[in-house]
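Count along the sequence shown from 1, add 86, and you get the number used in the working numbering. Positions of the beta carbon are idealized from the N, C-alpha and C atoms, including for glycine. Only one structure is covered here, and it is reproduced in the block below.
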Amino acid sequence: MFSASIVCAGCGQNKFEKEVETEKNAVTFARQVVSGGYELVTTEELKKLVDDKAAFLLVDTMPADDFAREHIAGAVNFPLPKEDMPEWDAKQTGDKTTEDFAKLLGEDKSRLIVFYCGFTACGRSHNGAMWAKKLGYTNAKRQPGGIFAWKGAGFPLDASK
C-alpha cells in the first residue's frame, strides 16, 4: 500500500494545481461572454432546438475540413479563428468580409443564431457570436461545449457529402 501511494504521488497535477487552471479557463470564458454581449445555450438546449426543428440558424465556426468531416445536422459553416478577433481580419477568415458574414446570417436581425466550435476553450464560437452582436443581430448565442460536448452527450453528427 505504501508503494502505491508513492507511485500515485508523482501522477499528474494535484487538485490545487488543477484548480488554478480551472479558474484561469473559467475567467477567460466569462470575460469572453461579457465582452461579446451574447447568451449561452447548453448542449442539451441545442439538441432540443434541433429535434424540435426550431426556426434558427446553426453556425459551425470550425475550419472547412473539420466541418466536412463532421458537424451537427443542419449547420452551415463559417470558419473563424480560435484567437479573439476584436477587429475583423479577413486574413483569419479565408478572405471573407463582414458583408459575407452578414449575408450568411441573413436579414432578420432578431432571428435566433447559435454558434459552436470544437470545445469550451476554443474561441471560434465566441468570435461568431460576438461579431453577430456587433453587426446588430440581437439573438446571437453560443454553445460553448462545441462538437466535443455534442459527441460526449452521444448525439449524432452529419458529414458533408
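A residue is called buried once 16 or more other Cβ atoms fall within 10 Å of its Cβ, and P172, having fewer, is exposed.
Bridge partners of E185 according to DSSP: none are assigned.
Exposed is the label assigned to G192, since fewer than 16 other Cβ atoms lie within 10 Å of its Cβ. With contacts defined as CB atoms closer than 8 Å, A188 and L221 qualify as a contacting pair.
If you draw a straight line from the Cα of E125 to the Cα of P230, it comes to about 10 Å.
In this model, A239 and K133 are separated by some 10 Å (Cα to Cα). Apart from sequence neighbours up to five positions away, the residues of its chain that approach P149 with a beta-carbon distance below 7 Å are P165, ordered along the chain.
In this structure, I158 sits near Y202, with a CB-CB distance shorter than 8 Å.
Exclusion of the five residues before and after G122 leaves H212, A215, M216, K219 and R228 as the residues of its chain whose Cβ lies within less than 8 Å of its Cβ. Closest by C-alpha distance to A141, out of T206, F241 and I199, is I199. Taking a contact as a CB-CB distance under 8 Å, the pair N111 and A207 counts as one, their CB atoms being some 6 Å apart. Residue environment for T179: buried (at least 16 other C-beta atoms within 10 angstroms of its C-beta).
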